[in-house]
Amino acid sequence: MLEIEGLTVQFPGRFGVFTAIDDVSLSVAAGEIHGLVGESGAGKSTIGAAIIGLLQPPGLVASGKMTLGETDLRSLSMSQAHELRGRRISMIFQDPQTSLNPLMTIADQLIETIQAHEDVSASEARDRSIALLEEIGIENAATRIKAYPHQFSGGMRQRVVIALALCTNPELIIADEPTTALDVAVQSQVLDLIRRLAKTRGIGFLLITHDIGVIAQITDNVTVLRGGQLMETGPTQKVLRTPDHDYTKSLMAAVPPLDRKLDRFLVPDSDAPDLAAPAGRSAADAEQWLTAGTQIFGEGLGMTDVTVKFSGNRTSLFSKPAAFTALDAVSLSVRPGSVMGLVGESGSGKSTIAKVLTGLVQPSAGQLYLGDNDLPPARARSRKDPSRRQIQMVFQDPYSSLNGRHRIGDILAEPLWHYGLEADADKRRDIAAAILDLVGLSADAIDRFPHQFSGGQRQRIAVARSLLARPSVLICDEPTSALDVSIQAQVLNLLKDLQARFGLTILFISHNLAVVRQMSDDVTVLKGGTIVETGPSEDFFTNPNAAYSRELLSLTPGMPGQ
Amino acid sequence: MAFFILKRLIQSIFVMIAVAFLAFSLFRFVGDPVSQMTGVETSAEDSARLREELGLNDAFIVQFGRFTRNMLQGDFGYSYRTRQPVADMIASRIPATLELGTVALLISLLVGIPTGIFTALRPRGFVTQSILLTTLVGVSIPTFVIGIMLIFLFGVQLGWLPTFGRGGTVQIGGWTSSLFTFDGWRALILPALTLGVYQLTLTMRLVRAEMMEVLRSDFIRFATARGIPYRSLYFRHALANTMVPVITIIGLQFGGVIAFSIVTESVFQWPGMGLLFLESIRFVDIPVMGVYLVVIAFFFVLVNMIVDLLYVAIDPRLRVREDG
Chain A
51 MLEIEGLTVQ FPGRFGVFTA IDDVSLSVAA GEIHGLVGES GAGKSTIGAA IIGLLQPPGL
111 VASGKMTLGE TDLRSLSMSQ AHELRGRRIS MIFQDPQTSL NPLMTIADQL IETIQAHEDV
171 SASEARDRSI ALLEEIGIEN AATRIKAYPH QFSGGMRQRV VIALALCTNP ELIIADEPTT
231 ALDVAVQSQV LDLIRRLAKT RGIGFLLITH DIGVIAQITD NVTVLRGGQL METGPTQKVL
291 RTPDHDYTKS LMAAVPPLDR KLDRFLVPDS DAPDLAAPAG RSAADAEQWL TAGTQIFGEG
351 LGMTDVTVKF SGNRTSLFSK PAAFTALDAV SLSVRPGSVM GLVGESGSGK STIAKVLTGL
411 VQPSAGQLYL GDNDLPPARA RSRKDPSRRQ IQMVFQDPYS SLNGRHRIGD ILAEPLWHYG
471 LEADADKRRD IAAAILDLVG LSADAIDRFP HQFSGGQRQR IAVARSLLAR PSVLICDEPT
531 SALDVSIQAQ VLNLLKDLQA RFGLTILFIS HNLAVVRQMS DDVTVLKGGT IVETGPSEDF
591 FTNPNAAYSR ELLSLTPGMP GQ
Chain B
69 MAFFILKRLI QSIFVMIAVA FLAFSLFRFV GDPVSQMTGV ETSAEDSARL REELGLNDAF
129 IVQFGRFTRN MLQGDFGYSY RTRQPVADMI ASRIPATLEL GTVALLISLL VGIPTGIFTA
189 LRPRGFVTQS ILLTTLVGVS IPTFVIGIML IFLFGVQLGW LPTFGRGGTV QIGGWTSSLF
249 TFDGWRALIL PALTLGVYQL TLTMRLVRAE MMEVLRSDFI RFATARGIPY RSLYFRHALA
309 NTMVPVITII GLQFGGVIAF SIVTESVFQW PGMGLLFLES IRFVDIPVMG VYLVVIAFFF
369 VLVNMIVDLL YVAIDPRLRV REDG
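Heads up: the sequence lines are chains A and B, in that order.
When the count follows this note's numbering, it moves up by one through the first sequence with no breaks and lands on 612 for the last residue.
When the count follows this note's numbering, it moves up by one through the second sequence with no breaks and lands on 392 for the last residue.
As structure tokens, then:
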């Protein structure tokens, strides 16, 4: 149905032409789910945009053939192409939070889309929309259709997005990371829906994703891209089980397995620095400095019966607003020098625990402790409290957690002067340079700015910054979920090495169960602000106790043949 | 919804009390009202009697209470300069300022919003670049220079339009309007243009920036990918989302136009509140200045409340949040 041959997309710029897609061919049959997989910068989304004719200027299709059925997509005029969009090709975007117009009801958006392509009355379009929403799994569609997008949850919103893409009966739907922003449970529902639609309606799907688990779970065929070039294409089972191309092999190897624990993550790129044995003398200096402190690394951390309530919105002058309970009498204990994995869906309270421990959120009840001492909660914890130095945090998004106007050297020196660890400015600079070596970056990075680094490099800088406070506890909140698998492997290997070397206590928050299995000694499962299960990691993964844990594990897309 | 309005009303009351306090502080601390009112030949007893009659010997808080109560009852006191009730003076000047401000705002909206949309849809076109360059010049020149240039061109050189005053006015109830005579409109054009040009460029650039931002958003890309006709894409999907932040600024602008029409009014000798305020400053006419402050603050509060209500009308997300 969709045939692409020798597609080349170029972005002419001031300094020459950048070829984003180089001679890529693929085809999608009716009813087929075709996966397009690759790391960021591979050109996955560019192919999708080229097919639907929405390349960002100055991008252009330089050569190649694209046909949908009998139609040559490249020969269409602007208005013909726009007429085709929606009617024959639709698209689903990644983030359901932002892909619906917040000011229009679902009904208005559906009816408008149908009427844009067919000459039907508004009431007929409404009836069809209601039927479609019911088919897609939205209950009470007749009343829900009058709602605005914000009144739906994330998963339901993605269903509405799918309904919008579907309401004109297109032949092909391009799904660009349709489940990346969703929890595993919701993700598996949405994937089921996509598979059902492909089967019952015969719609061809081009599924763009970086998640090989998703590819393994639902696609019929898969195309692997790297740097705009086609690496390998074929039936999913074959490509994933017996990959021909080296890149596919290394990509597969970098995906952390859910069913066993590896010593280290496999890093696909051989040119990545070997962090296992930092050779440089300055790395040794940094290590010496870090361990030279008087305090002992790796203290135990925990909380007993901690409850956190957030006040709701006030609706009346006279009644108190109903409080939302984010954590309900949670007790948690991280052994000194161990890694505790914290898993759960969004909204389960994972990040709230991190915020309570770092003193950013005031719990309404409960005790915190660090080592043998009580840890004062947020309001009672003074600015100068030693625990503010002892507990450090690594955030999810390395793009916003480093100040873009500070040089790396200043970013790294900040904990040194802030906590009064090193009074001399020149020495601070030496230590900053040394720690860069320790985390596998070259020392000349010290005078550069964060935007000059990739996501993975930035996350290493963030880790280095947190280490320079000489912490005893590191709290990592989804430290790699914004990164590609190969980069993720590097950053997690770094964390593992540092943990082993300094005996750090780590609270590792993640929604990715496979990553948690690789990283942690113990696991705690959180749901709706209460603890479902807690215990040694391997016991949890081989023999989970709670029904919810089993459900969570079974919903995680696994790899074939594992 | 009712709770939302109530909350805003209570907030507004606090703002008004704060402003009233500032205005009252003017009376109390800037100069001595008795020495303003009396001449050199007034005897010391007379001064003391006047002081007692005016209640100036009472405690500060008692005086403030009296001031507020009188204000609420519509008694704004008497001007030191003209001995007229301040309420009458302000009331006779309000129509001129309001009409000037409204027409200026309309000019800025009716020209600014469409050009803003146009320049957002064709961000790199020649026309867009020319408009942006021209308006940049418009913002850079101070208001009074624009006014003087307009007077020079249309009033002095071409002789088409009058250069001062309100022209022919019509009395409707207590409202003196220049909107119903040809002559009145001719007099209104130049000052309204002068006052509106700056607002126009601001509106245009704001609409342009917001619209370009919205056009980059995911839901516009998704709507494009669904083949929604471009007309609806731009004017139904994008424009409504553009207007949410723009309305706030326009509201503040209108307050600003009313409050800061002083310069324009003095260039064109426009008999509005701004001119009255200038005259009052010259003669240290503190009661008029104080009341002017309170009236302007009241306009600001009123406009902002309307803006908040418009917000809720446009954005369903706010409706739900406030309803709970």
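Positions of the beta carbon are idealized from the N, C-alpha and C atoms, including for glycine.
- CA-to-CA, the gap between A/Phe202 and A/Pro228 works out to about 17 Å.
- Using beta-carbon distances, B/Tyr379 does not count as an interface residue toward chain A, since no partner is under 9 Å.
- One thing to note: B/Ser348 has its Cβ within 9 Å of the Cβ of B/Ser147.
- Within the region 279–349 of chain B, the runs of alpha helix (DSSP H) at least 4 residues long that lie entirely inside it are, in chain order, 286–293, 307–327, 330–335.
- Proximity of the region 253–260 of chain A to the region 148–164 of chain A falls short of the contact definition, fewer than three beta-carbon pairs being nearer than 8 Å.
- Neighbours of A/Tyr198 in chain B, taken as residues at a C-beta separation under 9 Å, are given in chain order as Pro384, Arg385, Arg387, Val388.
- Contact of A/Met116 with chain B is not assigned, every C-beta pair being separated by 9 Å or more.
- Taking a Cβ-Cβ threshold of 8 Å, none of the residues of chain B is close to A/Ser203; the smallest such distance is about 14 Å.
- With respect to the C-alpha of B/Val205, the residue from B/Ser115, B/Asp100, B/Leu268 having the closest C-alpha is B/Leu268.
- Contact between A/Leu377 and A/Thr357 holds: their C-beta atoms lie close to 6 Å from each other, under 8 Å.
- With a cutoff of 9 Å on beta-carbon distance, A/Arg245 and A/Cys217 are scored as not near each other.
- In the DSSP assignment, A/Ser95 falls within the unbroken alpha helix (DSSP H) covering 94–102.
- Taking 9 Å as the CB threshold, A/Thr259 stays off the interface with chain B.
- When C-beta atoms of the region 294–302 of chain B are compared with those of the region 351–362 of chain B, fewer than three pairs fall below 8 Å, so the two segments do not count as touching.
- In this structure, DSSP gives A/Asn543 a helical state, which the three-state scheme calls helix.
- Within the region 210–243 of chain A, the beta strand (DSSP E) runs of at least 3 residues that lie entirely inside it are, in chain order, 222–226.
- In the structure shown, B/Thr183 falls within a helical segment according to DSSP collapsed to helix, strand and coil.
- The region 326–346 of chain B makes contact with the region 167–181 of chain B, as at least three CB pairs between them are under 8 Å.
- At least one CB atom of chain A sits nearer than 9 Å to the CB of B/Phe290.
- When rounded, the separation of the alpha-carbon atoms in A/Gln239 and B/Leu178 is 49 Å.
- Note on geometry: alpha-carbon atoms of B/Ala255 and B/Leu200 lie some 29 Å from one another.
- By the neighbour-count definition (other C-beta atoms within 10 Å, threshold 16), A/Asn190 is an exposed residue.
- Against chain A, the CB of B/Tyr302 has no partner CB under 9 Å away; the residue lies outside that interface.
- Interface annotation for the region 323–335 of chain B against chain A: empty, criterion Cβ-Cβ distance under 8 Å.
- The shortest C-alpha to C-alpha distance from A/Lys359 to any of A/Met353, A/Gln338, A/Pro307, A/Ala415 is the one to A/Ala415.
- Its Cα nearest to that of A/Phe445, the residue A/Cys526 stands out among A/Gly391, A/Cys526, A/Leu407, A/Arg510.
- Distance check between B/Arg151 and each of B/Gly227, B/Asp353, B/Phe71 places B/Asp353 closest, using alpha-carbon atoms only.
- Nearest C-alpha to A/Ala532 among A/Ala550, A/Val523, A/Asn562, A/Ala225: A/Asn562.
- Assigned with DSSP and collapsed to three states, A/Leu126 falls in coil, not helix or strand.
- The beta carbon of A/Ala215 sits closer than 9 Å to some beta carbon of chain B.
- In terms of Cβ geometry, B/Thr249 and B/Ser160 do not form a close pair [threshold 9 Å].
- Per DSSP, reduced to three states, the secondary structure at A/Ile139 is strand.
- For A/Ile54, the closest Cβ of chain B is not nearer than 9 Å.
- Apart from the 5 residues on each side of it in sequence, A/Ser113 sits with its Cβ closer than 7 Å to the Cβ of Gly56, Thr58 in its chain, given in chain order.
- Going by beta carbons, B/Met157 and B/Ala365 fall outside the 9 Å limit.
- Per DSSP, reduced to three states, the secondary structure at A/Asp309 is coil, with no helix or strand assignment.
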